[in-house]
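Engineer: Here the protein sequences line up with chains D and W, keeping their order. Each position in the first sequence, counted from 1, maps to that position plus 2 in our numbering. Each position in the second sequence, counted from 1, maps to that position plus 27 in our numbering. No residue lacks a Cβ here, since even glycine has one placed at the ideal position from N, Cα and C.
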Amino acid sequence: MAAESVLECRDLRRRFGEIVAVDGVGFHIDPGETYGLLGPNGAGKTTSISMIAGLLERDAGEVLVAGEPMTTRSVRAKNAIGYVPQDLAIYPDLTGRENLMFFARLYSMPTPAAKRRTDEVLALTGLADRAGDQTKQYSGGMKRRLNIGIGLLHQPPSAVRPARGSAW
Amino acid sequence: MTAGSGPLGAALLRQLEQTPHLRVVTVSDPAALLTQVERGNMAAGVIIPDGYDGAVCAGHAVTLRYLARPDQSSQRLGETVRGAVARQAALLGAARFAVAQHAAPSFGAGLAQATRISPAVPAVSVTQATAGTALFSRTLGQFDEGAWTELLLFLFLIAMTGSVALIESRRLGVSRRMLATPTSSATVIAGETLGRVLISCVQALVIILGSALLFGVNWGAPAGVAAVVVLFALVASGAGIFVGTLFRNEQQAIGVSLLLGLGLGALGGCMVPLEVFSPTMRRVAHITPQAWGNDAFARLVGHGASIAGILPQLGVLAAYAAVLLTLAAWRLRRVLSS
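1. Which complete alpha helix (DSSP H) runs does the segment 304 to 331 of chain W hold, if anything under 4 residues is left out?
2. Using only CA atoms, which one of L129/D, Q157/D, H156/D and A161/D lies nearest to R147/D?
3. Could you check the C-alpha separation between L373/W and N245/W for me, to the nearest Å?
4. For R203/W, go through chain D and note every residue whose CB falls closer than 8 angstroms to its CB, in chain order.
5. Is it true that the segment 175 to 186 of chain W meets the segment 228 to 238 of chain W, where meeting means three or more beta-carbon pairs spaced less than 8 angstroms apart?
6. Buried or exposed for N81/D, going by 16 or more other Cβ atoms inside 10 Å?
7. I need the straight-line Cα distance from P1/D to N149/D, nearest angstrom please.
8. Would you call the CB atoms of G105/W and Y93/W closer than 8 angstroms?
9. Less than 8 angstroms between the C-beta atoms of S160/D and L9/D, yes or no?
10. By Cβ distance below 6 angstroms, which residues in the same chain neighbour G243/W in space, the five residues on each side in sequence not counted?
11. From which residue to which residue does the beta strand (DSSP E) around C11/D run?
12. I think A122/W touches G110/W, with their Cβ atoms under 8 angstroms apart; what is that distance to the nearest whole Å?
13. Let me check one thing: in DSSP terms, what residues is Q136/D bridge-paired to?
14. Take L359/W and list the residues in its own chain whose beta-carbon comes closer than 6 angstroms to its own, dropping the five residues that flank it on each side.
15. Identify the continuous alpha helix (DSSP H) that holds S238/W and give its terminal residues.
16. On the three-state DSSP scale, how would you describe V77/D?
17. Identify whether D77/W lies in helix, strand or coil by the three-state DSSP scheme.
18. Report yes or no: do the segment 327 to 334 of chain W and the segment 245 to 255 of chain W share at least 3 C-beta pairs separated by less than 8 angstroms?
19. Assuming contact is defined by CB atoms lying nearer than 8 angstroms, are V201/W and I92/D in contact in what I supplied?
20. Is the beta carbon of G189/W sitting closer than 8 angstroms to the one on G267/W?
21. Among the residues of its own chain, which have a CB less than 8 angstroms from the CB of A293/W, if the five just before and after it don't count?
22. Cβ closer than 7 angstroms: which chain D residues qualify as neighbours of A207/W?
23. On the DSSP letters alone, give me the boundaries of the alpha helix (DSSP H) that I144/W sits inside.
24. Note down, in chain order, every chain D residue with its Cβ under 7 angstroms from the Cβ of T210/W.
25. Please report how far the alpha carbon of G151/D lies from the alpha carbon of V123/D, in whole angstroms.
26. Which residue from R275/W, L291/W, D322/W and H129/W puts its Cα closest to that of T315/W?
27. In chain D, which residues lie with their C-beta within 9 angstroms of the C-beta of L199/W?
28. If distances are taken between C-alpha atoms only, which option among E35/D, A125/D, G34/D and D25/D comes closest to A45/D?
29. So which of V67/D, P42/D, R12/D and V22/D has the shortest CA-CA distance to P33/D?
30. Does the pairing of the segment 142 to 151 of chain W with the segment 248 to 264 of chain W give three or more beta-carbon distances under 8 angstroms?
31. Check the C-beta distance from A131/W over to A125/W and give it rounded, since I have them as a contact under 8 angstroms.
32. In the DSSP output, which residue or residues are listed as bridge partners for L66/D?
33. Kindly indicate which three-state DSSP category G34/D falls into: helix, strand or coil?
34. With 8 angstroms set as the bound, which would you pick, yes or no: does the beta-carbon of V77/D sit closer than that to a beta-carbon of chain W?
35. I'd like the span of the alpha helix (DSSP H) that includes I150/D, first residue to last.
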């Protein structure tokens, strides 16, 4: 089962001083599966996802993304996951296309591939006709679509998105 | 100086040329001479009017114009010029006296006689001894010192207020999102730093080229200037990023950046020259990178030093840059991963 999983977490633990934020979380997600973390405020959902996305070191446990161990320094594991922050994380002064190209370069995509993939994501998110506009001129919905599009830019086998009260 | 034609004008020019430590350049146009003196490219100027020889030989009064900047060295040069004119006036007086006493048939003959005899006439001489050393071994142009102090002040201030961009990037969540990509945090931090360093270097280049072309500012050895600018840009960028990691909103960062930028600039000699500081204050001033930058430029411009002559100052600036960039990287890594 573990070999087939796109994401596997084993016994994740994280403490902030005296506060135990995550205590022994474990689950696995198979290809095609949508998985939600539900819980009240302070339950540790965002902390878990930060560890899964390689943004936060864990005290104990293991995260495997597409079979690759995830740490804050992992390259292959980070290439296999798409992270979509719960708040918009885009540059308002750049256009939609420029935002996508910027993050494509952070995923080390060569320029021709980055351009091609940017066009595909713009089409997928329905932003192709506004690609040259600064994102501060976008509506709230358009910004959210671009925010998700950046997470899908490098075609990851799995995507994580923290949200207030839930995650997928 | 501009020289009127004729042997007397030429003789006056020769006298000035023979003065030790004085370099005489002949300029054809009085207006050009005025511009050169105004810009500080020449310490002073003397205008010998056209028809100088004729007027003097005819016994008319002639006025030479002496142009000087309002600083002490330029005023002292006036004494040298007056001395040379007085020596020539003594010969002219002697020639007229010889004609009046019928000892010479003409003014020209009398002048030739006086010129021939004068080296044998015992003269009163003044010897001068200099106490202490000159602040600058070269004469600075009018804008030279002001240009480099302003450059350091603005480079630091602009880089510090650049902390706002980092806070915005953090507030937008873009910096954190970058860390979710395979790009390492070291690369993200290097990118943040190098971007700011590059902007600072471009700004410095514009200021240096603009001031050199428009105001004739002398910046000294290019390699030395480049080294000071790059190291100072690294220091300023490190300070800017560090401040950007300490505060949560732009208003706080701008307030602290202005306070630090102007305060350290004033203390480091960017508003009032370090030379007027008391010895104790000068020592205190050297806790700031601005003071070391000012020292480096003073050596490059005021003493004509090469890059090898400012290695101690470059070493201190490099140490500042290393400490500030390390602190900034450590703080940035902490705030992005928290």
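Structural biologist: So, from the data block:
1. The qualifying runs are 306 to 312 and 316 to 324.
2. When C-alpha distances from R147/D are compared across L129/D, Q157/D, H156/D and A161/D, the shortest belongs to L129/D.
3. Only positions 28 to 365 of chain W appear in the structure, and residue 373/W is not among them; the question remains open.
4. Within 8 angstroms Cβ-Cβ: L57, P87 and A91.
5. Judged by pairs of C-beta atoms under 8 angstroms, the segment 175 to 186 of chain W touches the segment 228 to 238 of chain W, as three or more such pairs exist.
6. The residue in question, N81/D, is buried, as its Cβ has 16 or more Cβ neighbours within 10 Å.
7. Lying outside 3 to 170, the shown extent of chain D, residue 1/D is not represented and no answer is given.
8. Less than 8 angstroms divides the Cβ of G105/W from the Cβ of Y93/W.
9. Cβ atoms of S160/D and L9/D: closer than 8 angstroms.
10. So the qualifying residues of the chain are R66 and N68.
11. It spans L9 to F18 - the beta strand (DSSP E) in which C11/D sits, taken as one unbroken run.
12. Here A122/W is actually not in contact with G110/W; their C-beta atoms are around 19 angstroms apart, not less than 8 angstroms.
13. DSSP output for Q136/D lists T97/D as bridge partner(s).
14. Closer than 6 angstroms at Cβ, skipping near neighbours: I216 and T272.
15. Per DSSP, S238/W belongs to the alpha helix (DSSP H) from S212 to F242.
16. V77/D: coil per DSSP, three-state reduction.
17. D77/W: coil per DSSP, three-state reduction.
18. Verdict: yes, contact present.
19. Against a cut-off of 8 angstroms, the Cβ pair of I92/D and V201/W comes out as a contact.
20. Yes, the pair counts as a contact, with Cβ atoms nearer than the cut-off.
21. Cβ neighbours of A293/W beyond the five flanking positions: V299.
22. Those within 7 angstroms of A207/W in chain D are A55, G56, L57, K80 and Y85.
23. F134 to I144 is the extent of the alpha helix (DSSP H) around I144/W.
24. The contacting residues are L108.
25. Each residue's alpha carbon lies about 6 angstroms from the other.
26. Per the C-alpha coordinates, the member of R275/W, L291/W, D322/W and H129/W positioned closest to T315/W is L291/W.
27. D89, L90, A91, I92, Y93 and P94, listed in chain order.
28. Restricting attention to E35/D, A125/D, G34/D and D25/D, the CA atom closest to the CA of A45/D is found in D25/D.
29. Distance check between P33/D and each of V67/D, P42/D, R12/D and V22/D places V67/D closest, using alpha-carbon atoms only.
30. Below 8 angstroms, too few C-beta pairs join the segment 142 to 151 of chain W and the segment 248 to 264 of chain W to call them touching: fewer than three.
31. Correct: roughly 4 angstroms between the Cβ atoms.
32. BP columns for L66/D point to E10/D and P71/D.
33. Coil.
34. Yes, V77/D counts as interfacial toward chain W.
35. Where I150/D is concerned, the enclosing alpha helix (DSSP H) stretches over G142 to L154.
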